[in-house]
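Participant:
6 protein chains.
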Amino acid sequence: MIMANMTMEEFKKAMEDGRPVIIPVGAVEAHGNHLPLATDTIQPEQIAMEVAERIGAVVAPTVNYGVCKSLKNFPGTISLSFDTMRALMREIIEGFVQHGAKKIMVISGHAGQSHMIALREAAYDVVERHDVRVMVFSDYDIAYMYRGKLVPEDDGHAGTLETSRVLAIMPQWNKKLPGENVPEYPKFEVVREFERYFPNCYRGDPSKASAELGKKINEMIVEHIVDMVRERWRI
Amino acid sequence: MIMANMTMEEFKKAMEDGRPVIIPVGAVEAHGNHLPLATDTIQPEQIAMEVAERIGAVVAPTVNYGVCKSLKNFPGTISLSFDTMRALMREIIEGFVQHGAKKIMVISGHAGQSHMIALREAAYDVVERHDVRVMVFSDYDIAYMYRGKLVPEDDGHAGTLETSRVLAIMPQWNKKLPGENVPEYPKFEVVREFERYFPNCYRGDPSKASAELGKKINEMIVEHIVDMVRERWRI
Amino acid sequence: MIMANMTMEEFKKAMEDGRPVIIPVGAVEAHGNHLPLATDTIQPEQIAMEVAERIGAVVAPTVNYGVCKSLKNFPGTISLSFDTMRALMREIIEGFVQHGAKKIMVISGHAGQSHMIALREAAYDVVERHDVRVMVFSDYDIAYMYRGKLVPEDDGHAGTLETSRVLAIMPQWNKKLPGENVPEYPKFEVVREFERYFPNCYRGDPSKASAELGKKINEMIVEHIVDMVRERWRI
Amino acid sequence: MIMANMTMEEFKKAMEDGRPVIIPVGAVEAHGNHLPLATDTIQPEQIAMEVAERIGAVVAPTVNYGVCKSLKNFPGTISLSFDTMRALMREIIEGFVQHGAKKIMVISGHAGQSHMIALREAAYDVVERHDVRVMVFSDYDIAYMYRGKLVPEDDGHAGTLETSRVLAIMPQWNKKLPGENVPEYPKFEVVREFERYFPNCYRGDPSKASAELGKKINEMIVEHIVDMVRERWRI
Amino acid sequence: MIMANMTMEEFKKAMEDGRPVIIPVGAVEAHGNHLPLATDTIQPEQIAMEVAERIGAVVAPTVNYGVCKSLKNFPGTISLSFDTMRALMREIIEGFVQHGAKKIMVISGHAGQSHMIALREAAYDVVERHDVRVMVFSDYDIAYMYRGKLVPEDDGHAGTLETSRVLAIMPQWNKKLPGENVPEYPKFEVVREFERYFPNCYRGDPSKASAELGKKINEMIVEHIVDMVRERWRI
Amino acid sequence: MIMANMTMEEFKKAMEDGRPVIIPVGAVEAHGNHLPLATDTIQPEQIAMEVAERIGAVVAPTVNYGVCKSLKNFPGTISLSFDTMRALMREIIEGFVQHGAKKIMVISGHAGQSHMIALREAAYDVVERHDVRVMVFSDYDIAYMYRGKLVPEDDGHAGTLETSRVLAIMPQWNKKLPGENVPEYPKFEVVREFERYFPNCYRGDPSKASAELGKKINEMIVEHIVDMVRERWRI
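Top to bottom, those sequences are chains R, X, Z, W, V and G. FYI, the working numbering numbers position 187 of the first sequence as 298, with every residue one higher than the one before it. FYI, the working numbering numbers position 25 of the second sequence as 136, with every residue one higher than the one before it. FYI, the working numbering numbers position 122 of the third sequence as 233, with every residue one higher than the one before it. FYI, the working numbering numbers position 71 of the fourth sequence as 182, with every residue one higher than the one before it. FYI, the working numbering numbers position 7 of the fifth sequence as 118, with every residue one higher than the one before it. FYI, the working numbering numbers position 210 of the sixth sequence as 321, with every residue one higher than the one before it.
(1) Sort out for me which residues DSSP pairs residue 211 of chain Z with in a bridge.
(2) So, is residue 239 of chain W buried or exposed, given that buried needs 16 or more other C-beta atoms within 10 angstroms?
(3) Does any CB atom of chain Z fall closer than 9 Å to the CB of residue 142 of chain W?
(4) Any beta carbon from chain V within less than 9 Å of residue 133 of chain W's own beta carbon?
(5) Name the residues in the stretch 176 to 189 of chain Z whose C-beta lies less than 7 Å from a C-beta of chain W; which are they?
(6) Identify the contact partners of residue 120 of chain G in chain V, using a Cβ-Cβ distance below 8 Å as the criterion.
(7) Does DSSP put residue 142 of chain W in a helix, a strand or coil?
(8) Can you give the beta carbon distance from residue 139 of chain Z to residue 187 of chain Z, rounded, assuming they're within the 8 Å contact cut?
(9) Kindly list, in the order they appear in chain V, the residues whose Cβ is closer than 8 Å to that of residue 292 of chain G.
(10) If contacts are defined as beta-carbon pairs under 8 Å, then residue 276 of chain W and residue 154 of chain W qualify, I think. What distance do you get, rounded to the angstrom?
(11) Indicate whether at least one CB of chain G lies closer than 9 Å to the CB of residue 286 of chain V.
(12) Residues in its own chain within less than 7 Å of residue 288 of chain X by CB, not counting five upstream and five downstream?
(13) Under the rule that 16 or more other beta-carbon atoms within 10 Å means buried, what is residue 307 of chain R, buried or exposed?
(14) Taking 8 Å as the cut-off, is the beta-carbon of residue 342 of chain G closer than that to any non-hydrogen atom of the ligand SAM?
(15) Answer yes or no: do residue 205 of chain G and residue 329 of chain G have a C-beta to C-beta separation smaller than 9 Å?
(16) What residues of chain R sit near residue 202 of chain X, judged by a beta carbon separation below 7 Å?
(17) Got a sec, what are the start and stop residues for the beta strand (DSSP E) residue 244 of chain X sits in?
(18) Let me know if residue 285 of chain V comes out buried or exposed under the rule of 16 or more other beta-carbons within 10 Å of its beta-carbon.
(19) Return the chain-ordered ranges of every beta strand (DSSP E) run that is complete within the stretch 161 to 221 of chain X and spans a minimum of 3 residues.
(20) Can you name the residues that DSSP bridges to residue 258 of chain G?
(21) With distances taken between CB atoms, is the gap from residue 141 of chain W to residue 119 of chain Z smaller than 9 Å?
(22) Among Z/303, Z/281, Z/265, which one has its Cα closest to the Cα of residue 295 of chain Z?
(23) How close, in whole Å, do the beta carbons of residue 222 of chain Z and residue 257 of chain Z come, if the pair is a contact with beta carbons under 8 Å?
(24) Does any C-beta atom of chain Z lie closer than 9 Å to the C-beta of residue 297 of chain X?
(25) Would you call the CB atoms of residue 217 of chain V and residue 200 of chain V closer than 9 Å?
(26) Quick one: is residue 202 of chain G buried, meaning 16 or more other Cβ sit within 10 Å of its Cβ, or exposed?
(27) Closest Cβ-Cβ distance between residue 300 of chain W and chain V: below 9 Å?
(28) The stretch 234 to 249 of chain W: which residues have C-beta closer than 8 Å to a C-beta of chain V, in chain order?
(29) With a floor of 4 residues, list each alpha helix (DSSP H) that falls wholly inside the stretch 263 to 325 of chain W, ordered by position along the chain.
(30) Under 8 Å Cβ-Cβ, which residues of chain G neighbour residue 174 of chain V?
(31) Go ahead and pull the three-state DSSP assignment for residue 134 of chain G.
(32) Report the three-state DSSP secondary structure of residue 336 of chain R (helix, strand or coil).
(33) Here's the rule: buried if 16 or more other CB atoms are within 10 angstroms of the residue's CB, otherwise exposed. What is residue 282 of chain Z?
(34) Can you give me the C-alpha to C-alpha distance between residue 190 of chain V and residue 225 of chain V, rounded to a whole angstrom?
(35) What do you get for residue 214 of chain X, buried or exposed, if any count of 16 or more other CB atoms within 10 angstroms of its CB means buried?
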């Protein structure tokens with residue numbers, strides 16, 4: 112049920128049938144020299160497709176841009192402002208509500224705090240005015256439950272876990288994977304040039320990544336979401 | 112040169128080489144019962160890819176949502192506001208400028224007036240503050256040059272021309288194509304329920320469409336753009 | 112029925128009688144060295160007065176400033192931003208609606224695209240929330256129907272047609288009228304210094320203008336509007 | 112030197128000559144049943160013209176709408192919001208500054224506090240960023256210096272003074288002038304329906320008004336401004 | 112009834128009992144070298160506490176920052192913008208209304224015009240949408256009724272009156288009090304560097320101040336407010 | 112060095128001496144029936160005072176209101192919007208920067224995610240345009256390091272830890288302290304009526320609280336901040 116390929120009457124039917132809507136939110140953000148700029152997009156798209164298949168949801172066209180201020184000086188990062196992200200998301204969610212959607216799930220591949228709050232504030236705004244259920248989360252909110260288990264505790268941006276997930280989704284991807292790099296940055300400080308503290312643009316050990324691990328984690332994320340949704344939304 | 116699949120250093124190189132950037136802008140809009148909701152997205156994406164191949168440009172991730180107020184009550188149309196569209200586009204264009212892009216082309220599949228002015232105002236805002244060349248147009252600004260020639264003068268939304276172009280891009284698409292329908296609406300009037308004047312959500316004669324015609328028109332559009340760009344940007 | 116000269120009870124009566132309201136929108140914009148800066152104001156004011164007389168409408172005080180970005184670097188052009196124009200117009204239209212107006216016509220002498228979309232977005236905003244009919248157009252939307260007929264196809268800003276109309280309205284105007292000038296500018300491109308492509312600030316052949324032609328065209332515009340309104344609004 | 116009737120080169124010359132610019136700001140506001148809705152417009156226009164003649168200033172097209180919240184429920188009052196008024200004025204003032212104006216005077220016929228602060232905030236915004244002198248005042252800031260002298264202390268909106276000034280400017284005006292009415296309203300309270308406390312929409316004694324008194328006061332205002340400007344701006 | 116020290120159920124009870132809410136609004140503004148930066152905060156806080164005690168009102172936490180543009184270049188002045196002040200106040204007032212407050216009094220220690228209009232516009236916005244009574248004033252609107260009586264007519268910012276009031280509230284304050292200083296500034300002019308006309312940052316004669324006078328004036332202000340409120344709100 | 116009590120020249124001196132500025136940010140939020148509405152204000156004020164004393168910083172007047180959407184329906188919670196909080200904080204921080212502050216610390220007693228992101232976005236905006244160091248954190252970012260140690264892992268809003276800290280600061284506070292209550296709410300869901308999942312408005316076991324524990328934790332927080340600042344800012 113890919114919305115992009117549906118006609119207006121097919122979409123109308125899906126809404127009348129009470130199908131949930133999943134909106135994948137990506138980002139265009141530098142992920143070291145070993146991962147593509149759309150890394151944060153392909154992951155939630157993949158998760159959204161698999162979850163949708165299992166619960167009979169409609170997958171909306173992806174929002175391809177996100178709020179990525181801290182890495183905005185790295186080549187290829189295109190960052191939206193907080194306000195634009197929030198307005199964009201609010202109008203999209205509200206659009207679905209006006210067509211009758213009652214259960215909406217926003218899955219973001221990017222998990223930056225400002226980005227996530229922009230998405231949540233957008234959803235909140237709609238929820239306050241309409242009788243609709245909206246979930247907003249990053250697949251990394253779930254993926255990072257495996258930090259300290261399947262990957263080290265200090266794994267992070269473009270690290271073992273994220274590299275593995277990309278390899279699982281893009282088997283043809285064959286860049287050289289660099290070794291461990293765990294940069295530190297000044298806690299609580301609001302910094303302009305974050306790249307000074309994060310020169311390689313990744314955190315963790317990409318060389319430890321594998322498609323198998325990625326596949327396993329992706330599957331665990333999908334199951335986690337499906338279980339949660341079945342219980343929460345009784346579907 | 113698909114930006115989504117490039118790493119940050121590959122993108123950096125492309126900018127240093129002075130490659131143009133093409134940003135496809137789509138929409139999620141009802142196109143009768145015979146065309147998909149992403150009709151306005153797949154067309155500029157296709158054009159962008161072909162133009163990029165010929166002029167060595169980078170294709171940015173697509174902006175999948177647009178301003179579609181007049182058809183917003185038809186199932187499946189998700190319309191952004193003017194302000195959000197403008198802000199979104201301004202921040203994306205500005206993002207590329209900050210990474211060194213000097214020639215940017217925004218190709219929109221949707222050609223609604225408010226939508227196009229939102230894109231142009233966004234570009235204008237960037238152009239006023241940076242030394243960069245930006246072109247903004249809809250592939251329909253070019254396609255409609257063939258109205259009265261390859262298709263009737265009164266062909267329009269989801270009509271012969273648009274249906275043909277979709278068939279050329281999605282050969283597997285096999286919905287029944289309806290016959291002629293040329294609705295009229297009150298000129299100069301600002302109406303709330305545009306669907307009252309446009310009940311079938313298309314204008315023209317989809318049953319006359321063919322993949323061959325679509326292929327021909329798509330090719331003419333690509334050539335038109337490539338010629339224009341070569342002359343204008345000397346590439 | 113000039114609102115400026117009415118008292119509050121006279122205005123109240125006019126609204127109770129269901130009279131339409133006409134809001135003339137002008138601009139302060141350079142029109143070559145042969146036409147006054149208020150060229151875009153005097154034309155819709157004149158049209159509004161004549162239409163009002165024939166259909167018994169109330170003419171609101173003129174909005175004297177508009178959005179004129181492309182010519183903003185020519186001496187005397189004072190351009191509003193899109194947002195301010197839209198807000199201004201929205202509040203004025205809404206003001207009339209709150210006093211009971213049911214039929215409102217916005218006639219703009221300036222026909223720039225951003226300007227017109229700002230007016231239309233303003234009207235749309237009101238129409239969405241109130242049960243009222245609003246028409247928004249430029250007298251040039253009508254006047255240019257005569258391009259290729261009474262004046263050449265490439266006549267434009269401050270050309271034969273516009274100069275003629277001004278001469279018809281201001282018989283005392285006696286500036287020297289320059290000859291043909293048909294500048295070209297780069298299609299689809301969003302440019303900062305439009306004056307580079309438009310050095311003389313007019314397009315067409317003012318020397319061919321005459322008060323007679325202007326009078327004729329003004330009369331045709333008035334008749335066109337009156338006919339349209341009588342049919343559309345049944346008055 | 113009426114800007115509306117100047118060509119672009121004439122305006123350019125005026126700016127090069129360092130001529131001041133006077134921007135009259137009016138309002139569309141109920142003024143009892145004895146004065147026209149444009150009462151607050153014709154007064155500053157008249158003052159502006161006379162001052163301009165004496166100091167060689169350029170008079171800009173009038174801003175015909177203002178912020179008139181307290182009387183907005185009376186028929187014919189069209190009130191802008193604070194934000195729109197401020198933006199409108201800021202863009203107009205800034206437009207003149209960009210064309211080289213160095214001395215700008217904003218004369219408002221309406222003297223409501225929010226309205227005046229909107230104008231002042233607009234001017235402040237420009238003054239902070241440009242080297243230009245801007246004066247903002249209502250002709251009533253000056254006229255009311257004569258309260259307790261030429262007219263009673265409790266004269267106010269559409270009272271003896273204002274009625275006299277209108278009679279002086281519009282000799283043909285011949286509505287019946289009502290007698291004394293001095294309504295009181297609750298100090299410091301922010302009220303929604305101000306008309307409850309101000310049922311007749313005027314304050315003072317219009318029946319005492321005369322064109323002679325109006326002429327005298329208008330002349331005193333003009334002189335006051337001319338003196339102030341000559342001293343302040345050394346012209 | 113200090114809200115800061117109340118629990119949620121105590122506050123709930125106070126609202127159910129129909130108690131008025133007093134919101135003190137202060138400022139952080141330079142007041143010469145003889146008064147503290149929070150001069151405009153401690154005065155309305157004191158007045159609010161005393162009024163509350165006499166009429167059984169709840170005193171809300173103080174808004175400690177205000178709009179102080181003219182003195183913003185003096186060390187220690189922290190000025191909010193008009194828009195932020197208005198939004199802040201609107202949300203606070205609306206918050207109380209949503210909890211059931213029916214009578215709200217905003218007492219501002221700072222009396223700058225923009226500041227006061229921001230507060231009034233905020234209140235107006237709430238009053239238009241809710242059935243609630245709101246008063247907005249500065250204690251200086253009342254205190255200056257004593258100019259020309261208890262203190263000279265030209266007493267002003269940080270002068271005899273204000274210094275006296277501070278001495279009454281902060282008996283331990285022991286800065287040297289400077290002598291008379293009555294600066295003049297250009298009427299009607301909107302100036303960027305107000306400090307050029309106001310070099311000592313006070314107006315009047317602080318050396319004439321005394322805690323006794325301050326106490327007397329504070330008491331008169333409190334009585335004035337209590338009388339007004341008892342009559343107006345029948346409490 | 113309490114800014115409220117400083118004169119303008121004393122403040123000027125402090126800035127010239129390079130003293131850091133600490134801005135305490137509070138909130139007006141329901142904290143069960145056992146803690147005061149200003150709970151989130153008194154904690155950071157106390158911490159700010161103690162830190163300032165040890166590092167010689169200036170303490171700015173407290174920002175008494177914050178973003179508290181989730182508990183906004185409990186009596187006494189007054190919640191600002193995200194935008195207002197951000198603007199307010201941006202203008203305050205920028206105000207200090209304009210007076211020469213080079214090191215600014217924002218300590219918030221409230222730790223809600225939207226609230227914290229509003230503060231961080233505000234700081235980011237200033238940091239991007241000025242050469243200044245800004246830290247933004249909640250004292251609870253530090254306090255919660257002791258969860259699982261001094262207090263249970265599931266201690267939270269108005270629980271053992273927070274109640275203890277309030278008791279340490281307000282020894283006279285003597286409300287009855289309720290027993291354990293650990294409500295659960297639906298993860299990832301954006302809910303309108305959060306109180307449905309949080310009926311008692313606290314989380315943890317207030318009856319286990321003590322002033323001694325609070326004092327200990329407050330001291331640990333102060334030491335943590337002082338150590339961090341000394342190392343980071345070399346003071």
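All C-beta atoms in this analysis are idealised placements derived from N, C-alpha and C, irrespective of residue type, glycine included.
Facilitator: According to the structure shown:
(1) Your numbering for residue 211 of chain Z matches position 100 in the third sequence. According to the DSSP secondary-structure assignment, residue 211 of chain Z is paired through a beta bridge with no residue.
(2) Residue mapping note: residue 239 of chain W aligns to position 128 of the fourth sequence, counting from 1. Residue 239 of chain W is exposed by the Cβ-count criterion.
(3) As a working mapping, residue 142 of chain W is identified with position 31 in the fourth sequence. Answer yes: the Cβ-Cβ gap between residue 142 of chain W and chain Z drops below 9 Å somewhere.
(4) As a first step, residue 133 of chain W must be located in the fourth sequence, where it is residue number 22. No, residue 133 of chain W lies away from the interface with chain V (no Cβ there is under 9 Å from its Cβ).
(5) Shown in chain order are the members of the stretch 176 to 189 of chain Z whose Cβ falls below 7 Å from a Cβ of chain W: 176, 185, 186, 187, 189.
(6) Here residue 120 of chain G is taken as the residue at index 9 of the sixth sequence, counted from 1. Within chain V, the residues near residue 120 of chain G are 144, 186.
(7) As a working mapping, residue 142 of chain W is identified with position 31 in the fourth sequence. Reduced to three states, the DSSP call for residue 142 of chain W is strand.
(8) Within the third sequence, numbered from 1, the residue matching residue 139 of chain Z stands at position 28. Within the third sequence, numbered from 1, the residue matching residue 187 of chain Z stands at position 76. Rounded, the Cβ-Cβ distance is 7 Å, consistent with contact.
(9) Position 181 of the sixth sequence, counted from the start, is the residue given in the question as residue 292 of chain G. Scanning chain V for C-beta atoms nearer than 8 Å to the C-beta of residue 292 of chain G yields nothing, as the closest lies near 15 Å away.
(10) Taking the fourth sequence and counting its residues from 1, the one referred to as residue 276 of chain W is at position 165. Taking the fourth sequence and counting its residues from 1, the one referred to as residue 154 of chain W is at position 43. The distance from the Cβ of residue 276 of chain W to that of residue 154 of chain W is about 6 Å, consistent with a contact at the 8 Å cut-off.
(11) Walking along the fifth sequence from the start, residue 286 of chain V turns up at place 175. At a cut-off of 9 Å, the C-beta of residue 286 of chain V has a neighbouring C-beta in chain G.
(12) Counting from one through the second sequence, the residue named residue 288 of chain X turns up at place 177. So the list reads 145, 274, 317, 318, 320, once near-sequence residues are dropped.
(13) If you number the first sequence from 1, residue 307 of chain R lands on position 196. Exposed, by the Cβ-count rule.
(14) Judged by which ligands are present, the structure shown has none, so any question about the ligand SAM falls away.
(15) The residue given as residue 205 of chain G occupies position 94 in the sixth sequence. The residue given as residue 329 of chain G occupies position 218 in the sixth sequence. Cβ distance not < 9 Å, so residue 205 of chain G and residue 329 of chain G don't count as in contact.
(16) Residue mapping note: residue 202 of chain X aligns to position 91 of the second sequence, counting from 1. Within 7 Å Cβ-Cβ: 191, 192, 195.
(17) Numbered from its first residue, the second sequence carries residue 244 of chain X at position 133. Per DSSP, the unbroken beta strand (DSSP E) holding residue 244 of chain X starts and ends at 244 to 249.
(18) Position 174 of the fifth sequence, counting from 1, holds the residue named residue 285 of chain V. So residue 285 of chain V ends up on the exposed side.
(19) Taking only runs of at least 3 residues, the beta strand (DSSP E) segments lying wholly in the stretch 161 to 221 of chain X are 214 to 219.
(20) Taking the first residue of the sixth sequence as position 1, residue 258 of chain G is located at position 147. In DSSP, residue 258 of chain G forms a bridge with G/262.
(21) Residue 141 of chain W sits at position 30 when you count from the first residue of the fourth sequence. Residue 119 of chain Z sits at position 8 when you count from the first residue of the third sequence. Residue 119 of chain Z sits close to residue 141 of chain W, with the two beta carbons spaced by under 9 Å.
(22) As a working mapping, residue 295 of chain Z is identified with position 184 in the third sequence. The shortest Cα separation from residue 295 of chain Z among Z/303, Z/281, Z/265 belongs to Z/265.
(23) In the third sequence, counting from the first residue as 1, residue 222 of chain Z sits at position 111. In the third sequence, counting from the first residue as 1, residue 257 of chain Z sits at position 146. Contact between residue 222 of chain Z and residue 257 of chain Z does not hold, since the beta-carbon distance rounds to 14 Å and is not under 8 Å.
(24) By one-based count along the second sequence, residue 297 of chain X stands at place 186. When Cβ-Cβ separations below 9 Å define contact, residue 297 of chain X makes contact with chain Z.
(25) Position 106 of the fifth sequence holds residue 217 of chain V. Position 89 of the fifth sequence holds residue 200 of chain V. The Cβ atoms of residue 217 of chain V and residue 200 of chain V lie closer than 9 Å to each other.
(26) Numbered from its first residue, the sixth sequence carries residue 202 of chain G at position 91. With 16 or more neighbouring CB atoms inside 10 Å of its own CB, residue 202 of chain G falls in the buried class.
(27) Position 189 of the fourth sequence holds residue 300 of chain W. Contact of residue 300 of chain W with chain V is assigned, a C-beta pair being separated by under 9 Å.
(28) Within the stretch 234 to 249 of chain W, the qualifying residues are 234, 235, 238, 239, 244, 245, 246, 247, 248.
(29) Those alpha helix (DSSP H) runs which fall completely within the stretch 263 to 325 of chain W and span 4+ residues are 271 to 280.
(30) Residue 174 of chain V sits at position 63 when you count from the first residue of the fifth sequence. The answer, in chain order, is 175, 176.
(31) As a position in the sixth sequence, residue 134 of chain G is number 23, starting the count at 1. DSSP, reduced to helix, strand and coil, places residue 134 of chain G within a strand of the structure shown.
(32) Here residue 336 of chain R corresponds to residue number 225 of the first sequence, with the count starting at 1. Look at residue 336 of chain R here: in three-state DSSP terms it is helix.
(33) The count along the third sequence starts at 1 and reaches residue 282 of chain Z at position 171. Result: exposed.
(34) Here the question's residue 190 of chain V lines up with position 79 in the fifth sequence. Here the question's residue 225 of chain V lines up with position 114 in the fifth sequence. CA-CA distance, residue 190 of chain V to residue 225 of chain V, rounds to 11 Å.
(35) As a working note, residue 214 of chain X is residue 103 in the second sequence. By the neighbour-count rule (16 or more Cβ atoms within 10 Å), residue 214 of chain X is buried.
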